[in-house]
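*Asks:* I'd like to ask some things about the structure below.
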Amino acid sequence: MNIKKELNPEQGKAATTINGPVLVLAGAGTGKTRVITFRIAYMLEHGIAPEHILGLTFTNKAAREMKERLAQLVNDTASRQVTLGTFHSFCIKILRKEIRALNYTANFTVADDTDQRGLVKQAMADLGFNSEIIDPKSVSAYISDLKNRLIEPDHAARIADGVVDSRKAAIYRGYQELLENQNMIDFDDMLMFVVKIFEENPDVLERYRTTYKYVMVDEYQDTNDAQFKLLKMLVEKHQNLCVVGDDDQSIYGWRGANISNILDFPQMFNNTQQVRLEQNYRSTNNILQSANAVISGNSNRYDKKLWSNRGDGENVKLVKNNNADSEAQFIADYIEELRSNNSLLKYSDFALLYRSNHLSRVLENVMRRSSIPYRLVGGQEFFKRKEVKDAVAYLKLIVNPKEDQSLLRILGTPPRGLGNKAVTRLKELQHVAFIPFSELMADGAFLNSMSAKAASAARAFSQTLKKHQALFADPGNLTAKVSNYLDEIGYLHGLQRIYKDIKDSQKRQDNVLEFISAIADFERNADQPPTLDEYLESYALLEENDRTEDEEGNGNSVTLSTIHASKGLEYPVVFLPAMEKNIFPHERSEMENRLEEELRLFYVAITRAKDHLIISYTSERTQRGRTSRQRPSHFLEGLPSELCDSCKPDELIKPLDEMAMRDGISQIIAMLGNN
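This is the structure in structure tokens:
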């Protein structure tokens, strides 16, 4: 492996600086994934055992890309022995082995968003609170924020400030007890529980420190307090921590990311070596210089200047439109104009990136009206469909019979004569017996209180569940087992009793069958015969980029996305609509002291563009049913005037009548020629 030939000098330095703390400041498009994989390959080449290397990132997509690139650089055996994955996948593997220390069993399941909402509401009801007294969404956000900061319920109660916080702390305690009683954890628990196990069990921590002697972290600017604590504990003895990130792309403070982790890294780890990656391989220099100028408006940052060998390119376009409809129509027309002038441009080369989801409605309408194919990032993904989540709930009960949330979800899906009366009776009995609903359903106290029909249905359900729990005990034949179970318990062919419209029920059944196909793919790609809990673990860790993106099978479509969801992606042509005051930056950002993060978000948006960047704004816009005059975002003042062209829409798009006249003259000339 020739590092000097494959990497530029700064990349090479980052890849070959192995020992001690290393901070790699990797600007947008500077090849950080390449650096990380070459760094691992370099370590292996220099005698470091693969099992001692740990690489952590934030998305399954990034982890897969690292694994694939590493496999191209080193032999297959070595690449498989390196631990590469997301923080959550790494933590869940630790918890499967160590969670008994926290009074859980290893067959715990992971609560999804629906489960969490249900548990929060149940904890509220147990305390006599309803949604008029306190908003369940605000409670969920409160709990997540505290867990990211490693604050447990007892501590939350002590630091509660006022009546509202005291109520939230009490709900947090009840919520956590419900999780534990059902042998469930949520996403935030994954990190918090590993930190807690390490703190309370020094011998366990020492075992993992001895195993992972070299730790690397991608997208380090996105780490929260829990992730920082986990890393600090792991590397405290050997200090071999390499973090790769860009403070200018720290845009997730609203969900717990702490930018101080990267800004203060040299103070937190003595003798830190710094490497700056500034050569960009994505964009033209005019786009990069615009991005550099914009982000220089933030004072609390590392100084970096992105540059490229791709030439200057064309100027950034600033376009003023009358209103949101005319802005959307301009974008649609300009997409077709650029495609007519460049036959190599496909619809998939275009992206419309906006600050907030609500801005997509007008853009979608015009895309449809203009017959431009598009895909909306963040729409209802395949695995979030109700019928698929119901199927997952059936499977969770096999692995974790204590999970009452799943049983409540599917008890009447399809209808089996066990309605509200049965659920109420189960809850009454549980207050006395403290055993899971799935066990209570086979208990005489429950069966004797039901009608003969309902008791018969409960017995059949319990017997089928127990039968298949035994069948799933051994690994392998996973797809067949899932199919048989969902059929025998009445779900697979019971959808028509839930959805009366035949076409609707058929489509939903097709979706469940497609879900079973996804399990078949998982089984086919597994290194050894998998278990159901291994599949459910994989399912729990799914992200948007793992899910079905283009259901119509048309990969050639314009991308409509929020800027947050576009991070890490790139497009030849990027439109940034609605660059207006109180839209971007967001109207709440000044009150919440997030203006610097909003400016970083604008920087991220600019650096998605490779060749063309078109920024637009309007004179007026209708929002929440009211039309108001609009002013351009003050962020636009940071763009260098010499690198921007202020244009009217008709200056960029040939008038239709002129095009028609030109085409008509061409046809006449052709006809005369033929004569």
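Using the numbering used here, read the sequence shown as starting at 1 and increasing by one per residue.
Heads up, the beta-carbon is just placed ideally off N, CA and C, and yes, glycines get one too.
These figures come from a predicted structure and were not determined experimentally.
#1: Name the DSSP bridge partner or partners of tyrosine 571?
#2: Applying the 10 Å Cβ sphere with the 16-neighbour rule, what's the burial state of arginine 608?
#3: With a threshold of 8 Å on Cβ separation, who are the neighbours of arginine 69 within its own chain once the five nearest residues in sequence on each side are excluded?
#4: Would you list the residues sitting across from glutamine 623 in a DSSP beta bridge?
#5: Is the CB-CB distance between glutamine 182 and glutamine 405 below 8 Å?
#6: With burial defined as no fewer than 16 other Cβ atoms inside 10 Å of the residue's Cβ, what is the status of glutamate 597: buried or exposed?
#7: Give me the DSSP bridge partner(s) of glutamine 274.
#8: Where DSSP assigns a beta bridge to arginine 683, which residues make up the other side?
#9: Rounded to whole angstroms, how far is the Cβ of leucine 447 from the Cβ of valine 423, which I believe are closer than 8 Å?
#10: Determine the DSSP secondary structure at leucine 492, reduced to helix, strand or coil.
#11: If we ignore side chains and look at the alpha-carbon of each, how far apart do aspartate 487 and histidine 358 end up?
#12: Would isoleucine 583 and arginine 355 qualify as a contact pair, given that the criterion is a beta-carbon distance under 8 Å?
#13: Measure the alpha-carbon distance for valine 604 versus leucine 25 and round it to whole angstroms.
#14: Relative to the alpha-carbon of phenylalanine 228, which residue among Asp390, Ile262, Phe522 and Leu338 has its alpha-carbon at the smallest distance?
#15: Does the beta-carbon distance from aspartate 246 to glutamine 221 come in below 8 Å?
#16: How long is the line joining the alpha carbons of asparagine 285 and asparagine 298, rounded to whole angstroms?
#17: Report all residues from its chain with a CB closer than 8 Å to the CB of leucine 127; omit the five preceding and five following residues, and keep chain order.
#18: Mind listing, in chain order, the continuous beta strand (DSSP E) runs of no fewer than 3 residues lying wholly within the region 347 to 402?
#19: On the three-state DSSP scale, how would you describe isoleucine 18?
#20: Tell me the DSSP bridge mates of serine 616?
#21: Keeping to the same chain, check which residues put their C-beta closer than 7 Å to that of leucine 643; ignore five residues upstream and five downstream.
#22: With distance defined between alpha-carbon atoms, name the residue in Ala14, Leu542 and Thr618 nearest to arginine 276.
#23: Please classify methionine 192: does DSSP put it in a helix, a strand, or coil?
#24: Could you work out which residue in Arg80, Glu6, Phe58 and Asp264 is closest to proline 50 when comparing CA atoms only?
#25: Three or more beta-carbon pairs under 8 Å between the region 327 to 340 and the region 365 to 372, yes or no?
#26: Measuring straight from C-alpha to C-alpha, what distance separates arginine 301 and lysine 467?
#27: Classify arginine 629 as buried or exposed, calling it buried when 16 or more other Cβ atoms lie within 10 Å of its own Cβ.
#28: If you count every other CB in all the chains shown that lies within 10 Å of the CB of arginine 626, and 16 or more means buried, which is it?
#29: Measuring straight from C-alpha to C-alpha, what distance separates glutamine 176 and serine 144?
#30: Measuring CB to CB, does aspartate 189 end up less than 8 Å from lysine 232?
#31: Compute the Euclidean distance between the alpha carbons of glutamate 225 and phenylalanine 129, then round it to the nearest angstrom.
#32: Could you check how far apart the C-beta atoms of serine 348 and serine 557 are, in whole angstroms? I think they sit under 8 Å.
#33: Using the Cβ count rule (16 or more neighbours within 10 Å means buried), how would you classify methionine 591?
#34: Should valine 235 go down as buried or exposed, given a rule of 16 or more other Cβ atoms within 10 Å for buried?
#35: Where does glutamine 239 fall in DSSP's three states?
#36: Keeping to the same chain, check which residues put their C-beta closer than 8 Å to that of asparagine 341; ignore five residues upstream and five downstream.
*Replies:* Taking the geometry as given:
#1: Ala609
#2: buried
#3: Thr33, Arg34 and Thr37
#4: Arg626
#5: Cβ atoms of glutamine 182 and glutamine 405: closer than 8 Å.
#6: Flag for glutamate 597 reads buried.
#7: Leu23
#8: In the structure displayed, the chain extends from 1 to 675; residue 683 sits before or after that span and is not available.
#9: Contact doesn't hold; Cβ gap of about 15 Å is too wide.
#10: Here DSSP, grouped into helix, strand and coil, assigns leucine 492 to coil.
#11: 40 Å
#12: yes
#13: 15 Å
#14: Of Asp390, Ile262, Phe522 and Leu338, the residue nearest in Cα terms is Ile262.
#15: yes
#16: Approximately 21 Å, taken between the alpha carbons.
#17: Hits under 8 Å: Arg167, Ala170, Ile171 and Gly174.
#18: 350 to 354 and 374 to 376
#19: coil
#20: Val319
#21: Asn286, Gln289, Ser290, Asn315 and Val316
#22: Ala14
#23: DSSP places methionine 192 in the helix class (H, G or I) of the three-state scheme.
#24: Arg80
#25: yes
#26: 60 Å
#27: exposed
#28: exposed
#29: CA-CA distance, glutamine 176 to serine 144, rounds to 12 Å.
#30: no
#31: Here residue 225 is aspartate; the residue named in the question, glutamate, does not match the sequence. The straight-line gap from Cα to Cα measures roughly 31 Å.
#32: 6 Å
#33: exposed
#34: Buried.
#35: coil
#36: Once the five neighbours on either side are set aside, asparagine 341 has no close Cβ partner at all.
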